[in-house]
Amino acid sequence: MAVTVAALGLTACSGEPAGTDGYTVGVANFLLSGPYFSGMDAAIAAQAKAKGNVKIVSTDAGGDAAKLAANVEDLLSKNVDAIIISGGPLESAPAALNAIKAAKKPVVLVDRKFATGEYTSWIGPDNEAIGKQDGEFLAGRVKGKVAIIKGGPADNSIGLARTNGLKSVLGTKADITLIEAPDFGNWGSDGGLTVMEGLLAKHPDLVAVFCENDAMCLGAQRAIAAAGKAGQIVLAGVDGQAEALKAILDGTNYVVTGLNSPNVIGKLALDRTVDVLGGAKVEKDTVVPSPQITKDNASQYL
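Below you can see the structure in the form of structure tokens.
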């Protein structure tokens, strides 16, 4: 991965502003309440600081689409040179993208690629591939009932891609039965705990749980431990959250995740934005590698 990321970053120097006072980049965050999204925002800011000639103006819409659009308008009124949008679970942001287009500013999307609207460039993971590799790991390890905890809402394309990737592998196995939780975990640890408690009440014979992100799986792990089933049920997640990596490295029942690093994506996004501002021709879409993480390699990512 380091080699791939280095290769992706080779063009970063081409966009460095020479003989100017630098750039001001607005970062429009849909929400900063989760560690993944706050980590993305921090990575963008850290990369800007490392460059030394890029100023960041960051906003938080608190999960409100109308507020996101208003924040974009405010950033444009400050005459930022470009905008990075971290949309989180937001499927589309037509008002925000239309305003940026009207202002003739470049916009780089991170993690979330909106279903509609024009953008300059997108950098993010292949979510279906992450779900598939989790499925392949579990297929070689368990037989029986495997539960799925979704983040929600029902049309969330990132979550759907991860679950569909898992299903493409485990759904074909005669010795595995997939059980989808009826409620959403809302992408958080507390939500994962609550959903897991409900699953255990109805399916005490589960052998594994897949969660659409690590935060929910960490909550599910607490519920499993409280029920005395840590020796029976293994967990598979997505993101590579530090707490999940530690649980994997410590040899708990958390056995696998797929890296979806906000640090890597955030840094590449800032580099991509500076490239665009410097006049470089850039990729429209860049898929960031998402290696599988198990006990064998968790230490290098932690």
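If you count the sequence shown from 1, you need to add 34 to reach the numbering used here. Ideal Cβ placement from N, Cα and C applies to all residues, glycine included. Here the structure is a predicted model, which is why all the values come from computation and not from measurement.
Beta-carbon proximity check, Ile164 vs Val298, cutoff 7 Å: By the CB criterion at 7 Å, Ile164 and Val298 fall outside the cutoff.
Within the present structure, is the beta-carbon of Glu170 separated from the nearest heavy atom of the ligand NAP by less than 6 Å? The ligand content of the structure shown is nil, which means the ligand NAP is not present either.
Helix, strand or coil, according to DSSP, for Tyr335 in the structure here? The DSSP-derived three-state label of Tyr335 is helix.
The segment 194–208 contacting the segment 225–240, beta-carbon criterion three pairs below 8 Å: Because the criterion of three Cβ pairs below 8 Å is not met, the segment 194–208 and the segment 225–240 do not touch.
What residues in its chain sit with their C-beta under 7 Å from that of Ser72, if we drop five residues either side in the sequence? Contacts found: Leu66.
Just to confirm my understanding: we take Thr58, look at its own chain, exclude 5 residues before and 5 after, and list those with CB closer than 6 Å. What are they? Counting only residues of its own chain and dropping the five nearest sequence neighbours on each side, Thr58 has a CB closer than 6 Å to the CB of Lys89, Val114, Asp115.
Taking its Cβ as the centre, do 16 or more other Cβ atoms sit within 10 Å of Glu152, making it buried, or is it exposed? Glu152 is exposed by the Cβ-count criterion.
Would Asn161 be called buried (16 or more neighbouring beta carbons within 10 Å of its own) or exposed? Buried.
Go through its chain and collect everything with a Cβ distance to Gln326's Cβ below 7 Å, but skip five positions before and after it. Counting only residues of its own chain and dropping the five nearest sequence neighbours on each side, Gln326 has a CB closer than 7 Å to the CB of Gln167, Phe171, Val290, Gly292.
Residues of its chain near Ala177, where Cβ-Cβ distance is below 6 Å and the 5 sequence neighbours each way are ignored: Residue 177 is actually Lys in this sequence, not Ala. Excluding positions up to five away in sequence, the list reads Asp209.
Which residues in the same chain as Ala79 place their Cβ atom closer than 6 Å to its Cβ, once the five residues preceding and following it in sequence are excluded? Excluding positions up to five away in sequence, the list reads Ile90.
In the DSSP assignment, the beta strand (DSSP E) including Leu110 goes from what residue to what residue? That residue, Leu110, is in no beta strand (DSSP E); its alpha helix (DSSP H) goes 99–111.
Is it buried or exposed for Ala249, if we count other Cβ within 10 angstroms and need 16 for buried? With 16 or more other Cβ atoms within 10 Å, it is buried.
Which of the three DSSP states is assigned to Ile258 in this structure? Ile258: helix per DSSP, three-state reduction.
Looking only at C-alpha atoms, which of Pro140, Ala82, Gly285, Thr93 sits nearest to Ala314? Of the listed residues, the one whose Cα sits closest to Ala314 is Pro140.
Own chain partners of Val37 with C-beta closer than 8 Å, once the 5 adjacent residues on each side are dropped: Caution applies to Val37, whose pLDDT of 40 falls short of 50 and renders its modelled position unreliable; the value that the coordinates give is listed next. Nothing listed; no residue qualifies.
Is it true that the CB of Ala303 sits closer than 7 Å to the CB of Ile134? Not a contact, by the Cβ cut-off of 7 Å.
Buried or exposed for Gly49, please, with buried defined as at least 16 other CB atoms from any protein chain shown within 10 angstroms of its CB. Confidence at Gly49 is low in this model, with a pLDDT of 40, below 50, so the placement of that residue is unreliable and no value is reported for it.
Exposure of Glu246, with buried meaning 16 or more beta-carbon neighbours within 10 Å: Classification of Glu246: buried, given that the 10 Å Cβ count is 16 or more.
Where the beta strand (DSSP E) through Phe244 begins and ends: Unbroken beta strand (DSSP E) run through Phe244: 240–245.
Return helix, strand or coil for Glu170, following the three-state DSSP convention. Looking at Glu170 - three-state DSSP - the assignment turns out to be helix.
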